[in-house]
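Undergrad:
Number of protein chains: 2
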Amino acid sequence: MYRIGELAEKLSVSTDTLRYYEKHKLLAATSRADNGYRLYNEEALRVMQFIIRAKGVGFSLNEINGLLSIKIDKASHSCADVKSFTEQKLTQVNDKIAELQCFKGSLELLVAACCGGEEEATHCSILSALENVDAINK
Amino acid sequence: MYRIGELAEKLSVSTDTLRYYEKHKLLAATSRADNGYRLYNEEALRVMQFIIRAKGVGFSLNEINGLLSIKIDKASHSCADVKSFTEQKLTQVNDKIAELQCFKGSLELLVAACCGGEEEATHCSILSALENVDAINK
DNA sequence: TTTGACCTTGGAGTATACTCCAAGCTTTAT
DNA sequence: ATAAAGCTTGGAGTATACTCCAAGGTCAAA
Chain A
860 MYRIGELAEK LSVSTDTLRY YEKHKLLAAT SRADNGYRLY NEEALRVMQF
910 IIRAKGVGFS LNEINGLLSI KIDKASHSCA DVKSFTEQKL TQVNDKIAEL
960 QCFKGSLELL VAACCGGEEE ATHCSILSAL ENVDAINK
Chain B
860 MYRIGELAEK LSVSTDTLRY YEKHKLLAAT SRADNGYRLY NEEALRVMQF
910 IIRAKGVGFS LNEINGLLSI KIDKASHSCA DVKSFTEQKL TQVNDKIAEL
960 QCFKGSLELL VAACCGGEEE ATHCSILSAL ENVDAINK
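In order, the protein sequence lines correspond to chains A and B. Every position in the first sequence, counted from 1, becomes a number in our numbering once 859 is added. Every position in the second sequence, counted from 1, becomes a number in our numbering once 859 is added.
1. Can we say the stretch 905–924 of chain B touches the stretch 937–946 of chain A, given the rule of at least three CB pairs closer than 8 Å?
2. Within 8 Å (strictly less), CB to CB, does B:Ser928 reach chain A?
3. What is the residue span of the alpha helix (DSSP H) that A:Leu968 lies within?
4. For a cutoff of 8 Å on Cβ pairs, would you count A:Glu922 as touching chain B?
5. How would you write the range of the beta strand (DSSP E) that A:Leu885 sits in, first residue to last?
6. Check whether the Cβ of A:Thr889 lies closer than 8 Å to any Cβ atom in chain B.
7. Classify B:Glu958 as buried or exposed, calling it buried when 16 or more other Cβ atoms lie within 10 Å of its own Cβ.
8. Residues of chain A with a CB under 8 Å from the CB of B:Asn953: which are they?
9. In or out: B:Ser871 buried (at least 16 other Cβ within 10 Å) or exposed?
10. Do B:Ala952 and A:Lys963 have their C-beta atoms closer together than 8 Å?
11. Going by alpha carbons, who is nearest to A:Lys869 out of A:Cys961, A:Asn900, A:Ala972, A:Ala971?
12. Would you please verify whether the beta carbon of A:Leu969 is less than 8 Å from any beta carbon of chain B?
13. Is there a Cβ of chain B sitting closer than 8 Å to that of A:Tyr861, yes or no?
14. Using a C-beta cutoff of 8 Å, does B:Glu868 count as contacting chain A?
15. Please determine, among A:Gly895, A:Asp893, A:Lys884, A:Arg878, the residue with the shortest C-alpha to C-alpha distance to A:Ser928.
16. In angstroms with no decimal places, state the Cα-to-Cα distance between A:Gly915 and B:Gly917.
17. For chain B, find out if any of its Cβ atoms is closer than 8 Å to the Cβ of A:Asn872; answer yes or no.
18. May I ask you to list the residues that DSSP assigns as paired with B:Arg897?
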C-alpha cells in the first residue's frame, strides 16, 4: 500500500490532486491507516494512470467519471446502457485519433520541409508549409 | 466575409468565444466594417477550425497560440527554432495518438464482449473486461 | 418609423481543475 | 525530546476558458 505522498510522486501529480479526486468521487483511497492516513493499492495506481491518460487526450473529469462509473456503478446500468455508452465513447475516441492524425501529417510535413538552419524563419519553407496546414488537415 | 454571428454559427461556437479569442490574441477579425462590425474571411474560418480541432485533442489555448505563432511571428524565430518546436509538438501528438489507441483497443474489446441485453450490468462481461482496462492499456 | 435582430465595449460571473494555506496530529531521525 | 517531514481537514485563492450582462449603436423589414 502507498501513502498519498508516495502515490503522488509515482504518478508525478500533487497530493492535493489526489485529495481533490477523492472529494470529487473519481478515486477514493483504498483504505485508511489507524492514524487516518490514506492508503492506496496497485488497483488505485492503475485507476489513476487511466485518469491521467484520459485527461491527456482531452476527456474532462466529468467524462472520466462516466467512464469509471461503468466500473463502479454496476447494478444501476443494464448491459444495453453500458454497451451504448461505450460505443459512443469509442466514436469520440476515433474522432480524436483522426484529428491527431491530421496534426501529425501536417507537423511531419513541416519537419521534413524545414532546413533547420540559423537564418530567420521568414525564409524557411516550414512556414509556407504551415500556412497550408488547414488545407492539409482538410 | 462573415459577420461574427455567421462565423460563430458556421463553427458552432458562441460570438463571445470569438471575441474572447481576439482579446487573447488567438484570432483577430480580418477587418472591420465601417460600422465597426468584425469581418472574417475564409482564412479566419480555417484558423478557427484549426483551433477547435487542437482544443479537442487536449491542447490549451496557450499551446495553440504557440502553434499559431510559428505562422504569425515569422521574423522572430530562426529555422532551427521552428524545426525544434515543431518536432517537440510532433512527439506530443504521437504520444497522444498512442494513448488514444489504448483507449480504442479497450473500448472495442468492451463493445465486442458485451451482450447488450436488458439484464443488470452486474452480469455483463463488458464490465469485467473494463476492470482489466489498465492492463490492456499497459 | 419603430420593432427586432444584430453588432459594439467593458466588466462581472461561472465552471473546471487544481493549488495553497492554516491549524493540528503522526512518525522518523538525531 | 525535539525537530523535520508527512499526514489530516476545511476553506480560500488561482488559472483557464469561457459566458453573461448592461448600455448603446446599426440595419432590414413591416
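From the three backbone atoms N, C-alpha and C, an ideal C-beta is built for every residue, glycine too. Remember, predicted model here, so these are calculated numbers, not experimental data.
TA: Straight from the coordinates:
1. Counting Cβ pairs under 8 Å, fewer than three are found: no touch.
2. Output row for B:Ser928: interface = no.
3. Annotation for A:Leu968: the continuous alpha helix (DSSP H) segment containing it runs 938–972.
4. No, its Cβ sits nowhere closer than 8 Å to a Cβ of chain B.
5. That residue, A:Leu885, is in no beta strand (DSSP E); it is neither H nor E in DSSP.
6. Output row for A:Thr889: interface = no.
7. B:Glu958 comes out buried.
8. Within chain A, the residues near B:Asn953 are Lys963.
9. Classified as exposed, B:Ser871 has fewer than 16 neighbouring CB atoms from the shown chains inside 10 Å of its CB.
10. Reading the sequence as shown, one finds Val at residue 952 of chain B and not Ala. Yes. Within cutoff.
11. Measuring from the Cα of A:Lys869, the nearest candidate turns out to be A:Asn900.
12. Taking 8 Å as the threshold, the shortest C-beta distance from A:Leu969 to chain B falls below it.
13. No - not a single Cβ of chain B is within 8 Å of the one on A:Tyr861.
14. B:Glu868 does not count as touching chain A.
15. With distances taken between Cα atoms, A:Ser928 lies closest to A:Lys884.
16. So the alpha carbons of these two residues sit roughly 6 Å apart.
17. According to the sequence as given, residue 872 of chain A is Val; it is not Asn. It does not; no Cβ of chain B falls within 8 Å.
18. Partner(s): B:Arg891.
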